[in-house]
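Here the protein sequences come in this chain order: A and B.
Whatever position you read off the first sequence (first residue = 1), add 123 for our numbering.
Whatever position you read off the second sequence (first residue = 1), add 12 for our numbering.
We put the CB at the ideal spot given by N, CA and C, even for glycine.
Shown next, in structure tokens, is the structure this report addresses.
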Amino acid sequence: MNSNVSHDKGQEFSDARTQKIHENAKVLEKIAEASQPEWIVEPGPHLSDKSTTRRLMIDVIVALIPAMAVAVWVFGFNAIRLTGLCLVSCLATEYLFNLIRKRPGTLGDFSAVVTAIILAFSLPPTLPNFAVILGSVAAIAIGKMIFGGLGQNIFNPAMVGRAFLMTAFPVLMTTWVAPVDWKVDSSAPAAVAGENVDAVSQATPLTMLKPGSADRKLPVLRELIIGRTSGSLGETSVVALLLGAVYLLARRTITWHIPLGMLGSAVIFAGIAYMAAPGKFVNPMFHLGAGAMIFGAFYIATDLVSSPLSRKGQLIYGVGCGVLTMVIRQFGTYPEGVMFSILMMNGLAPLITRYTISKPLGGNVRA
Amino acid sequence: MIAEKLIAKMTRKKVFPRGIHPNDSKSATCEQPITPLAWPAEVTIPLQQHIGAPASPMVTPRQDVKKGEQIAAAGGFVSAPVHSGVGGKVGPLTTCLVPTGKRVPAVSIKTQSVPSEEQLQAELEEYLSPAGEVRPIGELSPETIIESAQNAGLVGMGGATFPTHVKLKIGPNKTIDTIVINGSECEPFLTADDRLMQQAPSLVVRGLELAMRATGASRGVIAIEDNKRKAIESMRQAVAGKSNLEVAVCMTKYPMGGERQLLPAVLGRVIPTGGLPLDVGVVVLNVATSISLAHAVDRGRPVTHRVLTVTGAVNRPGNFFVPIGTPISWVIEQAGGLRKDAAMVLMGGPMMGVTMPDLSIPVIKGTSGITVLSRSEVRKMDQTACIKCGRCVENCPLKLSPTRIAHAVKMGDLELAESFNLMACCECGCCSYVCPARMPLVQYLKSGKAAVLRKRAAAKAASTK
Numbered sequence: 124m125n126s127n128v129s130h131d132k133g134q135e136f137s138d139a140r141t142q143k144i145h146e147n148a149k150v151l152e153k154i155a156e157a158s159q160p161e162w163i164v165e166p167g168p169h170l171s172d173k174s175t176t177r178r179l180m181i182d183v184i185v186a187l188i189p190a191m192a193v194a195v196w197v198f199g200f201n202a203i204r205l206t207g208l209c210l211v212s213c214l215a216t217e218y219l220f221n222l223i224r225k226r227p228g229t230l231g232d233f234s235a236v237v238t239a240i241i242l243a244f245s246l247p248p249t250l251p252n253f254a255v256i257l258g259s260v261a262a263i264a265i266g267k268m269i270f271g272g273l274g275q276n277i278f279n280p281a282m283v284g285r286a287f288l289m290t291a292f293p294v295l296m297t298t299w300v301a302p303v304d305w306k307v308d309s310s311a312p313a314a315v316a317g318e319n320v321d322a323v324s325q326a327t328p329l330t331m332l333k334p335g336s337a338d339r340k341l342p343v344l345r346e347l348i349i350g351r352t353s354g355s356l357g358e359t360s361v362v363a364l365l366l367g368a369v370y371l372l373a374r375r376t377i378t379w380h381i382p383l384g385m386l387g388s389a390v391i392f393a394g395i396a397y398m399a400a401p402g403k404f405v406n407p408m409f410h411l412g413a414g415a416m417i418f419g420a421f422y423i424a425t426d427l428v429s430s431p432l433s434r435k436g437q438l439i440y441g442v443g444c445g446v447l448t449m450v451i452r453q454f455g456t457y458p459e460g461v462m463f464s465i466l467m468m469n470g471l472a473p474l475i476t477r478y479t480i481s482k483p484l485g486g487n488v489r490a
Numbered sequence: 013m014i015a016e017k018l019i020a021k022m023t024r025k026k027v028f029p030r031g032i033h034p035n036d037s038k039s040a041t042c043e044q045p046i047t048p049l050a051w052p053a054e055v056t057i058p059l060q061q062h063i064g065a066p067a068s069p070m071v072t073p074r075q076d077v078k079k080g081e082q083i084a085a086a087g088g089f090v091s092a093p094v095h096s097g098v099g100g101k102v103g104p105l106t107t108c109l110v111p112t113g114k115r116v117p118a119v120s121i122k123t124q125s126v127p128s129e130e131q132l133q134a135e136l137e138e139y140l141s142p143a144g145e146v147r148p149i150g151e152l153s154p155e156t157i158i159e160s161a162q163n164a165g166l167v168g169m170g171g172a173t174f175p176t177h178v179k180l181k182i183g184p185n186k187t188i189d190t191i192v193i194n195g196s197e198c199e200p201f202l203t204a205d206d207r208l209m210q211q212a213p214s215l216v217v218r219g220l221e222l223a224m225r226a227t228g229a230s231r232g233v234i235a236i237e238d239n240k241r242k243a244i245e246s247m248r249q250a251v252a253g254k255s256n257l258e259v260a261v262c263m264t265k266y267p268m269g270g271e272r273q274l275l276p277a278v279l280g281r282v283i284p285t286g287g288l289p290l291d292v293g294v295v296v297l298n299v300a301t302s303i304s305l306a307h308a309v310d311r312g313r314p315v316t317h318r319v320l321t322v323t324g325a326v327n328r329p330g331n332f333f334v335p336i337g338t339p340i341s342w343v344i345e346q347a348g349g350l351r352k353d354a355a356m357v358l359m360g361g362p363m364m365g366v367t368m369p370d371l372s373i374p375v376i377k378g379t380s381g382i383t384v385l386s387r388s389e390v391r392k393m394d395q396t397a398c399i400k401c402g403r404c405v406e407n408c409p410l411k412l413s414p415t416r417i418a419h420a421v422k423m424g425d426l427e428l429a430e431s432f433n434l435m436a437c438c439e440c441g442c443c444s445y446v447c448p449a450r451m452p453l454v455q456y457l458k459s460g461k462a463a464v465l466r467k468r469a470a471a472k473a474a475s476t477k
């Protein structure tokens with residue numbers, strides 16, 4: 124009896140409670156409906172073109188594929204070793220930095236991949252593993268992340284890494300090998316990482332120009348165009364680099380301003396010197412094809428972040444890169460000047476932007 | 013840019029430097045004739061659909077109003093009266109949201125004696141045809157024309173909603189030599205002006221001639237983008253034999269319809285920063301405004317309806333003749349309802365249109381279209397840091413540096429932003445469109461401009477105290 128009553132009461136209670144819950148649910152639903160906007164509300168414009176940061180970076184990577192292929196042909200296993208090591212250590216450095224700074228991951232923008240490949244392509248093929256890793260860490264950590272990551276850096280990260288190696292290991296960074304001779308001994312390029320005793324050392328076309336160089340047997344232009352010369356990993360083949368450059372220009376990933384400024388000014392500079400003293404200076408076309416001139420003009424100097432904003436400024440910046448490179452090559456102690464000239468112009472880029480930014484249509488706003 | 017200039021020169025088309033080329037997406041509605049929209053059960057007519065002072069209501073609740081009756085009087089010179097496009101019983105005075113996001117006073121009217129389809133069609137046909145007997149232009153004084161525009165509640169129907177009579181009343185020390193009818197309709201998706209030029213060309217010309225008479229201008233130009241071939245053809249026929257009128261064919265490019273781009277392209281005149289077309293001797297009128305001016309003068313017809321495009325993710329996209337105050341939800345329902353993938357409702361087009369949080373917002377005098385974007389069309393916001401690519405700088409039609417200004421605004425340094433000419437921005441959105449880092453650049457610029465205006469207002473208030 125007792126239990127019956129209590130049961131009834133329970134029934135009553137639970138009915139009322141159920142009803143209440145249902146009512147509450149309805150109210151909650153309504154509140155949810157009211158507070159949750161049914162429509163996406165956001166600022167315009169609501170359309171955009173297809174380019175994204177990632178797409179731009181992937182374009183650069185695709186453009187470097189022909190140069191990579193030539194690098195493997197010319198320098199063998201070292202090409203894969205350098206590029207692979209740079210990739211792993213650059214990506215790992217960026218990942219760790221984001222982890223320490225408690226920031227969301229940024230590997231997805233692919234900018235670290237581009238830095239890694241450009242750094243690898245600018246290193247001597249026989250550079251030992253530890254140096255490659257150190258250079259990659261310097262490129263990403265000192266070159267990019269301590270400034271605040273992508274877009275904040277003043278200097279081109281890959282060139283910062285290379286400059287670090289140049290100062291830390293000057294001998295390793297100026298030890299060059301001859302292209303792999305696939306016919307004679309296919310095992311030679313497989314010289315184990317860091318143990319490059321088998322590799323035949325050979326001066327680069329640019330070191331041959333310097334006074335006191337042992338062998339002054341300059342390669343003919345055809346060799347420079349194809350790229351079977353000694354030099355940094357990815358810089359030797361003019362034709363492969365130009366192939367990628369055409370792709371970048373066609374995709375509008377880069378514009379013509381920086382490359383034209385840099386190559387044009389370098390040719391004019393070298394041309395004047397050549398005409399003034401043909402015995403002392405070499406044909407300007409040689410300077411165009413040798414060293415990192417083409418690689419620098421289309422892939423390093425055109426780095427979006429570290430170059431000026433305005434098109435006019437980019438032209439000036441390109442001219443600065445070209446002239447400084449030629450000054451170092453022809454009057455400095457270093458045989459090559461692309462890295463230093465680009466780093467110097469990187470430092471000037473904000474100033475160039477400041478002085479070349481256009482006035483608004485219709486004039487400045489009057490105070 | 014050089015190639016484009018050459019092509020423009022060879023084809024005798026008009027173009028301005030920089031700007032962008034979004035897909036125009038006009039094919040869904042550009043062949044759809046204008047159709048009248050059935051009256052909704054209730055309209056909510058905002059009393060401030062224009063720039064300037066709000067209008068003050070002239071009706072009381074439960075009063076009957078007739079179609080075309082004035083329901084609010086202008087609140088000053090820079091203001092416009094409001095008329096009802098439907099007949100019915102006035103409900104309580106309320107407020108409503110307008111597309112700009114402001115809540116303004118409004119009059120709601122429950123429609124009564126709803127017209128039949130034939131009656132609606134007849135009204136539309138009357139709207140699209142010239143008045144039977146019109147007074148020759150020479151007999152009308154500029155004052156009469158301006159007064160008619162003022163009484164009709166005429167405002168810029170391209171979206172800016174500036175009272176037209178203020179625009180046409182030229183000060184004593186200014187001269188106007190040219191009127192430009194802006195038929196460029198550069199906003200993707202929208203085709204209302206295109207249809208009006210095809211279906212009512214003589215009214216566009218009549219409005220242009222009236223505006224020329226009112227301002228003393230001797231030259232009239234109708235500017236149309238080259239993706240509207242039929243409109244160009246019909247307007248050319250309408251101006252044939254009139255030596256002072258011409259049709260200027262512009263290249264299709266966004267934002268051609270902005271005054272600061274249109275005038276350099278069509279007339280080679282650059283509006284000074286902070287100035288108006290008036291400063292270079294020009295008044296620019298939208299196609300729909302021109303037609304409404306003709307109606308105001310020749311028929312005494314107030315602005316109670318407008319033609320707008322309903323397009324995108326709706327089942328029957330088209331161009332409709334809509335009474336002002338009709339809620340968006342009703343307009344969309346008449347256009348066949350929303351498609352399942354509809355994600356975003358815009359008043360206007362996708363470039364400068366405003367997202368609607370609520371579909372009860374009414375159509376106003378400046379509503380040129382309702383665009384519904386589908387889930388796949390909505391801009392993805394996978395934002396990265398600015399990579400300083402300079403594309404916003406390269407494409408800004410006003411030659412500004414959006415990324416530098418946006419960063420200054422982001423840092424809260426309004427003075428720096430102003431020194432980068434923040435206040436010159438026309439908010440066209442080209443910078444956001446091209447940005448590979450997907451930064452909401454134009455949004456930073458808009459909020460920066462608003463902050464500067466607030467700061468100035470506060471300084472002014474402090475100095476007057």
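What's the gap between the Cα of aspartate 349/B and the Cα of glutamine 249/B?
One detail in the question is off: residue 349/B reads as glycine in this sequence, not aspartate. In a straight line, the C-alpha of glycine 349/B is about 37 Å away from that of glutamine 249/B.
Taking the alpha helix (DSSP H) that proline 280/A belongs to, which residues open and close that run?
280 to 291
Would you please verify whether the beta carbon of valine 192/B is less than 8 Å from any beta carbon of chain A?
no
Do you know whose CA, among Gly402/B, Pro329/B, Met435/B, lies nearest cysteine 42/B's CA?
Pro329/B
Less than 8 Å between the CB atoms is what I'm expecting for glycine 232/B and isoleucine 191/B, so what's the real figure, rounded?
5 Å
Threonine 396/B: contacting residues in chain A (beta-carbon distance under 7 Å):
Thr176, Asp232, Leu273
Please tell me whether lysine 482/A has its Cβ less than 8 Å away from any Cβ of chain B.
yes
Do valine 261/B and isoleucine 244/B come within 8 Å of each other at the CB atom, strictly closer than that value?
yes
If you reduce the DSSP assignment to three classes, tell me which class isoleucine 188/A lands in.
helix
Where does glutamine 159/A fall in DSSP's three states?
Reliability of the predicted coordinates at glutamine 159/A is poor, the pLDDT of 41 falling under 50, and the value obtained from them is presented with this limitation in mind. Correct three-state label for glutamine 159/A: coil.
Look up threonine 321/B in the DSSP assignment and give the residues it is bridged to.
Asn331/B, Gly381/B
With distances taken from CA atoms, which of Ala143/B, Val295/B, Asn256/B is nearest leucine 274/B?
Val295/B
Excluding the 5 residues preceding and the 5 following aspartate 370/B in the sequence, name in chain order all residues of the same chain whose CB lies nearer than 7 Å to its CB.
Leu109
Would you tell me roughly how many angstroms separate the C-alpha atoms of methionine 363/B and proline 168/A, rounded to the nearest one?
4 Å
Leaving aside the five residues before and after isoleucine 32/B along the sequence, list all residues of the same chain whose C-beta is less than 7 Å from its C-beta, in chain order.
Tyr266, Asn407, Cys442, Tyr445, Val446
Cβ closer than 7 Å: which chain A residues qualify as neighbours of isoleucine 303/B?
None at all; the shortest Cβ gap to chain A is about 27 Å.
Are the C-beta atoms of leucine 320/B and some chain A residue less than 8 Å apart?
no
Is the shortest distance between the beta-carbon of asparagine 239/B and the beta-carbons of chain A less than 8 Å?
no
Using alpha carbons as the reference points, say which of Pro213/B, Gly324/B, Met263/B lies closest to glycine 360/B.
Gly324/B
Suppose contacts are defined by Cβ-Cβ distances below 8 Å. Is alanine 65/B in contact with valine 94/B by that definition?
no
Interface residues of chain B around aspartate 172/A at Cβ under 8 Å?
Ile32, Pro34, Tyr445, Val446
So, is the C-beta of glycine 470/A closer than 8 Å to a C-beta in chain B?
no
Strand pairing of methionine 209/B, partner residues [DSSP]:
DSSP, once it has assigned bridges, lists no residue as partnering methionine 209/B.
Over what stretch of residues does the alpha helix (DSSP H) that includes glutamate 217/A continue unbroken?
200 to 223
When you compare the CB positions of serine 174/A and serine 212/A, do they come within less than 8 Å of one another, or not?
no
Could you please give me the residues that DSSP links to proline 104/B through a beta bridge?
Note: proline 104/B sits in no beta bridge, so no partner.
Could you check whether the stretch 425 to 440 of chain B touches the stretch 450 to 462 of chain B, counting it as contact only if at least three pairs of C-beta atoms, one from each stretch, sit closer than 8 Å?
yes
Contact with chain A by asparagine 298/B, beta-carbon distance below 8 Å:
no
Under 8 Å between the Cβ atoms of alanine 393/A and histidine 410/A?
yes
Measure the C-alpha to C-alpha separation of isoleucine 14/B and proline 148/B and round it to an integer number of angstroms.
46 Å
Does the contact criterion of 3 or more C-beta pairs under 8 Å hold for the stretch 368 to 388 of chain B versus the stretch 311 to 318 of chain B?
yes
Can you tell me whether DSSP reads tyrosine 266/B as helix, strand or coil?
strand
Pick out whichever of Gly87/B, Met423/B, Leu222/B has its Cα sitting closest to the Cα of lysine 181/B.
Leu222/B
In or out: proline 302/A buried (at least 16 other Cβ within 10 Å) or exposed?
buried
Can you name the residues of chain B whose CB is closer than 8 Å to the CB of glutamate 346/A?
None at all; the shortest Cβ gap to chain B is about 36 Å.
For the pair the stretch 69 to 77 of chain B and the stretch 145 to 163 of chain B, tell me if three or more CB-CB distances fall below 8 Å.
no
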